[in-house]
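According to the working numbering, the sequence shown is numbered sequentially starting from 114.
Written below as structure tokens is the structure these notes are about.
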Amino acid sequence: MSASIYADLLRNEANCLPLSPLGFIERSAQVYPSHVAVIHGDRKHSWAEVYARCRRLASALVKKGIKRGDTVSIMAHNTPAHMEVYFGVPMAGAVISALNTRLDAKMIAFMLDHSETKLLLTDRQLSPVMKEALGLMKGRPIVIDIDDYLYEGSGELIGEMDYEAFLQTGDPEYAWEWPVDEWEPIALNYTSGTTGDPKGVVYNHRGAYLNSVGNALVWNMQHHPTYLWTLPMFHASGWCFHWTVTMLAGTHVMLRKVDAADIFRLIETHGVTHFTAAPVVLNILLNAPDAVKRKFDRRIEVMTAGSAPPAAVLEAMEAMGFNVTHVYGGTEVYGPNMSCAWHAPWNEHDPAERARLKARQGVRSPVLEQMMVAHSETMEETPWDGKTIGECMMKGNVVMSGYLKNPHTTAKTFHGGWYHTGDLAVRHPDGYIEVKDRLKDIIISGGENISSIEVESVLYRHPAVLEAAVVAKPDEKWQEVPCAFIELKPGIQVTEEEIIAHCAANMARYKLPKQVVFGPLDKTPTGKIQKYILRERAKSL
């Protein structure tokens with residue numbers, strides 16, 4: 114066999130550099146130096162200023178002894194400092210680990226120890242729990258306080274200096290280095306704090322770069338979007354939107370806490386074009402007091418994920434001027450990497466049908482190489498019939514590097530050369546997937562599979578229901594039956610019989626909830642309903 118005519122072409126630094134989102138901020142600062150990059154309260158920073166601040170941060174970290182591969186953690190609300198660490202920390206060659214602001218001290222201490230955190234940035238508002246966590250650690254990192262001027266509450270400063278003072282120790286012209294290898298870690302995100310099976314999800318520069326680009330493509334984002342940070346920045350590295358918005362030289366509008374009045378006000382004041390939020394936030398907006406609500410005559414793009422948004426929620430958001438894009442993914446895949454890609458002919462459908470189509474999880478993004486629905490063990494792909502349930506699996510460059518210090522769980526999650534999401538789905542004839550349940554949440558009643566998501570979708574159509582969750586309840590005859598937990602809208606009353614009658618008018622009888630429990634729903638710190646707690650409650654009913 115003759116040698117290839119291309120054999121003398123050599124890969125070198127002139128034609129091949131590691132992919133990294135760090136180049137995004139350098140370009141935006143060079144091309145759009147005076148464009149507003151960050152809005153926080155009445156303060157604004159240009160891209161030239163933010164780039165200089167990130168370089169100062171990288172320089173200050175190096176002066177403090179932070180080395181390539183070290184972990185720098187942050188515990189903070191959505192602030193300029195939180196956005197800057199996603200550039201300044203990797204510019205120093207280190208790895209950023211953003212912690213969930215609602216965790217308890219024991220779990221925080223475990224994560225800081227497990228990640229071998231060398232330096233910690235912490236918000237003054239969170240100093241009580243952080244002080245306790247530091248006392249529980251085996252070691253102690255360098256601590257820097259974030260004393261945000263918008264926070265007017267109490268909270269002591271527990272670090273050796275304030276973030277702004279720390280920046281002043283750094284060089285605004287610091288010559289940061291590109292990663293040597295694009296597979297180098299850039300971020301660490303914890304999905305579980307249990308010491309028996311820690312799940313520290315490791316992101317690399319390549320995946321972060323690609324999913325940032327994928328976000329822009331899926332959302333059809335143009336240059337200079339104005340993005341409102343309703344999503345917690347710690348959540349799956351902000352779904353990579355720290356990097357996406359920066360790539361497009363957009364404007365980051367900060368929001369310390371989710372508040373309907375603030376969201377409507379900021380959208381109106383700053384001309385917000387995009388924001389991302391879990392379905393629970395959409396519910397907050399829909400059920401806000403009339404005094405704070407706004408109906409916009411322009412289209413505001415909203416991206417939602419975390420659980421399938423009920424069709425009724427999608428329909429109501431559309432009526433207020435919000436165009437909702439439903440995406441799907443997870444912490445292990447850099448946030449969203451599948452979406453319900455829209456087709457123009459679908460606009461001709463009535464609102465209810467549009468909402469039904471939009472509630473599907475959809476198809477892979479342009480940066481996810483492969484996706485399938487298949488049997489979890491045999492890996493045999495299910496038919497595209499919209500009926501046969503299998504596990505959703507992915508493979509490609511936007512799948513995590515693995516779980517930190519947890520090779521067993523990493524290998525199990527990558528069984529058969531695919532990332533196993535743990536989500537059960539069907540694939541429709543048009544290739545779009547629809548998640549039916551978590552693998553652990555499917556209800557098997559009398560040998561029939563019942564999707565808790567399907568039952569929840571019907572419950573959400575009842576005008577009295579604010580939030581709903583359906584889990585399996587043990588049953589002597591059927592093995593399991595559906596049990597519904599419902600939080601009602603304020604000031605509205607409804608009986609169990611009325612709820613079950615509503616379900617009976619909209620689904621097969623074997624899928625009906627056999628019991629309805631009213632009251633607040635247990636949620637994770639990121640707003641997801643904790644079904645494992647509800648399952649335990651159902652067992653005791």
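We put the CB at the ideal spot given by N, CA and C, even for glycine.
Computed from a prediction, not measured in an experiment: that's the story for all the values here.
Roughly how many angstroms separate the alpha carbons of Val511 and Val446, rounded to a whole number?
5 Å
Helix, strand or coil, according to DSSP, for Ala362 in the structure here?
coil
Can you tell which of His533, Phe409 and Thr491 has its C-alpha closest to the C-alpha of Gly442?
His533
With the cut-off set at 8 Å, would you say Ile271 and Thr235 are in Cβ contact?
Yes, they are a contact pair.
Any chance the segment 410-417 sits against the segment 381-400, with 3 or more Cβ pairs inside 8 Å?
Short answer: they touch.
Around the Cβ of Gly384, are there at least 16 other Cβ atoms within 10 angstroms (buried) or fewer (exposed)?
exposed
Mind checking Thr357: buried by the 16 CB within 10 Å criterion, or exposed?
buried
Counting along the chain, where does the alpha helix (DSSP H) carrying Cys616 start and finish?
Glu609 to Ala617
Check whether the segment 463-475 and the segment 424-436 touch, using three or more Cβ-Cβ pairs below 8 Å as the test.
In short, these stretches touch, since the Cβ pair count reaches three.
Measure from the alpha carbon of Ile299 to the alpha carbon of each residue in Gly313, Pro146, Val607 and Pro254, then state which is nearest.
Nearest to Ile299 by alpha-carbon distance, out of Gly313, Pro146, Val607 and Pro254, is Gly313.
Can you list, in chain order, the residues of its chain whose CB lies under 6 Å from that of Gly268, leaving out five sequence neighbours each side?
Arg237, Gln238 and Ser240
Which same chain residues end up closer than 7 Å to Pro520 when comparing Cβ atoms and leaving out the 5 residues on each side of it in sequence?
none
With H, G and I counted as helix, E and B as strand and the rest as coil, what does DSSP make of Asn125?
coil
Is the segment 448-456 touching the segment 523-540 in the sense that three or more CB pairs, one from each, lie closer than 8 Å?
Verdict: no, contact absent.
To the nearest angstrom, how far is the alpha carbon of Thr444 from that of Thr304?
Answer to the nearest angstrom: the Cα atoms are 7 Å apart.
Taking 7 Å as the cut-off, is the beta-carbon of Glu428 closer than that to any non-hydrogen atom of the ligand SAM?
The ligand SAM is absent from the structure shown, which contains no ligand whatsoever.
On the criterion of 16 or more Cβ atoms from any shown chain inside 10 Å, does Trp352 qualify as buried, or is it exposed?
buried
Roughly how many angstroms separate the alpha carbons of Val151 and Thr501, rounded to a whole number?
47 Å
With distance defined between alpha-carbon atoms, name the residue in Gly535, Ile255, Phe354 and His195 nearest to Asp261.
His195
Per DSSP, which residues does Val594 bridge with? Please list them.
Lys586
Just confirm the distance between the C-beta atoms of Val315 and Met513, as a whole number of angstroms; I'd bet it's less than 8 Å.
6 Å
Expressed to the nearest angstrom, what Euclidean distance is found between the alpha-carbon atoms of Lys406 and Met433?
The C-alpha of Lys406 lies about 9 Å from the C-alpha of Met433.
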